[in-house]
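Everything on this sheet refers to the single structure shown next.
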Amino acid sequence: MASIRLVGESSKPVSDRPAESLVGTALRDLGRLQQVASVVARHGFGELLMRTPLGRRLFRGDEMPEGEAELARDAAPVRFTRLLAELGPTYIKLGQILSMRRDLLPPDWIEALETLQDDAPEISYEKVRAVVEEGLGTTLEQAFARFDREPLATASIGQIHRATTQAGEPVVVKVQRPGIEATMRGDLDLLFLAAQVLEASIDEMQLLGVTQVVEEFEKGLLQELDFGIEIGNLLEARSHLDPERHVTVPRPYPDLSCHNVLTMEFFEGRPLRDLEPRSGQARHAVEEVVHTACKQVFIDGFFHGDPHAGNILIDGKGTLCMLDLGLAGRLSNAQRDQFVSLAIATLAGDSATIARIMLRMGTPTQRVPLAELRAEIERIRDKYLGVESLADLDSAAFAEEFADAAQRFRIKLAPEYAILAKAGSTIEGIIRHLHPEVDLAAISRPYVQEMLAARYAPATLVGDFLGEAGGLASLVRELPPKLDQILHDVESGNVQVRAVTPELDDVPDLLHQLAGRLGLTAFAGSMTLAAALLLASDGAAAWRAVLGVICALTAAGAWTVLFGWHLVGRGKPLRLRPWIRIFRR
-3 MASIRLVGES
7 SKPVSDRPAE
17 SLVGTALRDL
27 GRLQQVASVV
37 ARHGFGELLM
47 RTPLGRRLFR
57 GDEMPEGEAE
67 LARDAAPVRF
77 TRLLAELGPT
87 YIKLGQILSM
97 RRDLLPPDWI
107 EALETLQDDA
117 PEISYEKVRA
127 VVEEGLGTTL
137 EQAFARFDRE
147 PLATASIGQI
157 HRATTQAGEP
167 VVVKVQRPGI
177 EATMRGDLDL
187 LFLAAQVLEA
197 SIDEMQLLGV
207 TQVVEEFEKG
217 LLQELDFGIE
227 IGNLLEARSH
237 LDPERHVTVP
247 RPYPDLSCHN
257 VLTMEFFEGR
267 PLRDLEPRSG
277 QARHAVEEVV
287 HTACKQVFID
297 GFFHGDPHAG
307 NILIDGKGTL
317 CMLDLGLAGR
327 LSNAQRDQFV
337 SLAIATLAGD
347 SATIARIMLR
357 MGTPTQRVPL
367 AELRAEIERI
377 RDKYLGVESL
387 ADLDSAAFAE
397 EFADAAQRFR
407 IKLAPEYAIL
417 AKAGSTIEGI
427 IRHLHPEVDL
437 AAISRPYVQE
447 MLAARYAPAT
457 LVGDFLGEAG
467 GLASLVRELP
477 PKLDQILHDV
487 ESGNVQVRAV
497 TPELDDVPDL
507 LHQLAGRLGL
517 TAFAGSMTLA
527 AALLLASDGA
537 AAWRAVLGVI
547 CALTAAGAWT
557 VLFGWHLVGR
567 GKPLRLRPWI
577 RIFRR
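Residue numbers for the sequence shown follow this note's numbering, so the first one is -3 and each next one is one higher.
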């Protein structure tokens, strides 16, 4: 893709910023930190907060607010969703991202988080004008012939206004909310600090990978704050448009855009959610959406990450327009091959192949018992694919069960698949609402066939063969010297064989720790006894009294160290790495 130059664009990436200590950030934002902690406690999660050293410092004694009785009656997923909504736009976005992670959260949590909606006050016209003029480096009158004072829509990150270019072209201008970037960066720092504290204090949080979730969220949110990335997504989506289909994407205006102002062509239409279900127009819209989704996933490898019914408009001529491409997914050729192979193996009932593909699609974080994984896959397949027609197939629940299986077997799926699962679930909701009788198999079959034909075309197979042959030839050339080195090491006695016993690896550390505790206990006991003997006699000499006090203080210090060792370490070596990362970020 050709490079894009934006008006007001800095040579420094928008996401770059000087490295600073999160502890320093937390101290500067102590008021916000206290507010977040109070809201967390009020929604009934105070007990979890008090399991961390930071929480115990924020709420000393009985100062921690108790959860409200009305909130406590609701289930934890509902309370967590309301908690995020109350904390503001950053946390709402976090909840929306978490709603895509079916590999991390149970179904009831996903269902609750999917109800989160952007709800933000309107930005005044004066502030909008100031943002546009500062971003574009010119006055509003010089940039646009007309600019509506009243917004078309308002969201947590920005606001949309209708306008007209100097050439007379109708456009819409998305303006970023003033100060939202600084606010979200501060909240991201606090989220990262909280994730580090949770992982350092609560063992279960390490299994969920809370820090990595926050890191992925930070990356996605900072990209969403940079409208230049959305311009790139719009241009890429337009390059993949099929002229035979009635689907379009707004044309962006890079010369009237910058990192916090996005100008694109205006499309006159209404959202798909306003269509009459099972009408002729609804059927046409569903067919076009499915055609576009299949082409994006199977052919283009680039797809809309949030294609809900409010982000797709339809005009009187039946043309659909896809909006809000701030979130987009990309699939490599290998990932598309894996996705199609998984679908074919699922329909064929080949659980062994499905298990192998799942392992290639993700990263196992521990040993995976393949026999148990295959049995779980067969159970899921029998549960959801034993239907008479595709209309009866609950593909969202089917994908959810697969994600649950990956979570149980500690297979970490790539983020692209999480976005794809979310987009697929959203499109399925559109289909079921507008026209569930559409023949999905007939629509998707040509795209799968085209992909398979391209994958197994003679030229592709020859290229793959030559690549593999070249790699094999390189391996054969390197094999003799490596074998010579191995034989030489064996003859000279430099080859060592070490038995791997994970169950016994911790024994030396535990013995060393136990010996240290026993030694310190004996020392503390002897100092206590000595102090008692020196201070017990009446009329003792001054030197005996001084020595007794020294022994008593030494004993108190030793007992304090032992007590702290037991409480902080909980019988385990203290893990310092998560705490060190707080200072290194």
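Using N, Cα and C, we set each Cβ at its ideal position, and we do this for glycine too. On a predicted model such as this, the values are computed, not experimentally measured, just so you know.
Problem set entry | Integer-rounded CB distance, given that PRO166 should sit under 8 Å from PHE262 | 4 Å
For this session: Quick one: give me the first and last residue of the beta strand (DSSP E) that ILE156 is part of.
Result: 154 to 161
For this session: Determine the direct distance from the alpha carbon of ARG326 to that of HIS300, and round the result to whole angstroms.
Result: 9 Å
Problem set entry | Which listed residue (ALA139, SER152, GLU412, GLY314) has its alpha carbon closest to that of GLY164 | ALA139
Problem set entry | C-alpha gap between THR342 and PHE294, whole angstroms | 17 Å
Problem set entry | Distance CB(LEU184)-CB(THR77) smaller than 8 Å | no
For this session: From the DSSP output, read off the bridge partner residues of ALA172.
Result: Before going on, a small fix: residue 172 reads as Gln here, not Ala. In DSSP, GLN172 forms a bridge with GLY154.
Exercise. Counting pairs of Cβ atoms below 8 Å between the stretch 167 to 175 and the stretch 254 to 261, do you hit three or more?
Worked result: yes
For this session: Leaving out five residues on either side along the sequence, give the residues of the same chain with a beta carbon under 7 Å from the beta carbon of ALA348.
Result: ARG370
For this session: Reducing DSSP to helix, strand and coil, say where ARG13 ends up.
Result: The predicted model places ARG13 with a pLDDT of 41, which falls under 50 and marks its position as unreliable; any figure quoted below should be read in that light. Three-state DSSP puts ARG13 in coil, outside helix and strand.
For this session: If I'm right that ILE119 touches ARG173 with Cβ under 8 Å, what's the distance once you round it to whole angstroms?
Result: 6 Å
For this session: List the DSSP bridge partners of SER408.
Result: The amino acid occupying residue 408 in the given sequence is Lys; Ser does not appear at that position. Per DSSP, THR359.
Exercise. With 8 Å set as the bound, which would you pick, yes or no: does the beta-carbon of VAL545 sit closer than that to a beta-carbon of chain B?
Worked result: Among the chains in the structure shown there is no chain B, since it carries only a single protein chain.
Exercise. Among all the DSSP beta bridges, which residues are the ones paired with PHE41?
Worked result: PHE41 pairs with nothing; no bridge assigned.
Exercise. Under 8 Å between the Cβ atoms of ARG406 and THR361?
Worked result: yes
Exercise. Using the C-alpha atoms, what's the distance from LEU132 back to LEU252?
Worked result: 7 Å
Exercise. Buried or exposed: TRP105, going by 16 or more other Cβ atoms within 10 Å of its Cβ?
Worked result: buried
Exercise. Which same chain residues, not among the five before or five after MET318, have their C-beta less than 6 Å away from its C-beta?
Worked result: VAL245, HIS300, ILE308
Exercise. Taking Cβ to Cβ, would you say VAL282 is nearer than 8 Å to ILE427?
Worked result: yes
For this session: Please determine, among GLN219, VAL557, THR150, LEU83, the residue with the shortest C-alpha to C-alpha distance to THR517.
Result: VAL557
Exercise. Where LYS418 and ALA399 are concerned, what is the direct C-alpha to C-alpha distance, given to the nearest angstrom?
Worked result: 12 Å
Exercise. What first and last residue would you give for the alpha helix (DSSP H) that runs through ILE482?
Worked result: 454 to 487
Problem set entry | For PRO365, the nearest candidate out of ALA141, ARG404, VAL503 (CA to CA) | ARG404
Problem set entry | Among MET523, GLN219, LEU530, the one whose alpha carbon lies nearest that of LEU323 | GLN219
For this session: Taking 8 Å as the cut-off, decide whether the C-beta atoms of PRO248 and ALA305 are in contact.
Result: no
Exercise. Between the C-alpha atoms of PRO273 and GLY459, what's the straight-line distance to the nearest angstrom?
Worked result: 48 Å
Exercise. Could you check where the alpha helix (DSSP H) with GLY325 kicks off and where it finishes?
Worked result: Segment 324 to 326 is the beta strand (DSSP E) holding GLY325; no alpha helix (DSSP H) there.
Exercise. Should the stretch 539 to 553 be called in touch with the stretch 515 to 530, which here means at least 3 C-beta pairs below 8 Å?
Worked result: yes
For this session: Specify the secondary structure class of LEU321 as computed by DSSP and reduced to three states.
Result: coil
Problem set entry | Start-to-end residues for the alpha helix (DSSP H) that takes in LEU148 | Segment: none, LEU148 is in no alpha helix (DSSP H) and carries neither H nor E.
Exercise. How is ARG274 classed by DSSP in three states: helix, strand or coil?
Worked result: coil
For this session: Assuming ALA141 contacts GLN162 (C-beta within less than 8 Å), just tell me the rounded distance between them.
Result: 5 Å
Problem set entry | Coil, strand or helix - PHE263 by DSSP | coil
Exercise. Cα separation between GLN155 and GLY265?
Worked result: 19 Å
For this session: Put THR77 into one of helix, strand or coil per three-state DSSP.
Result: helix
Exercise. Could you give the uninterrupted runs of the alpha helix (DSSP H) lying entirely in the stretch 501 to 560, keeping only those of 4 residues or more?
Worked result: 503 to 532
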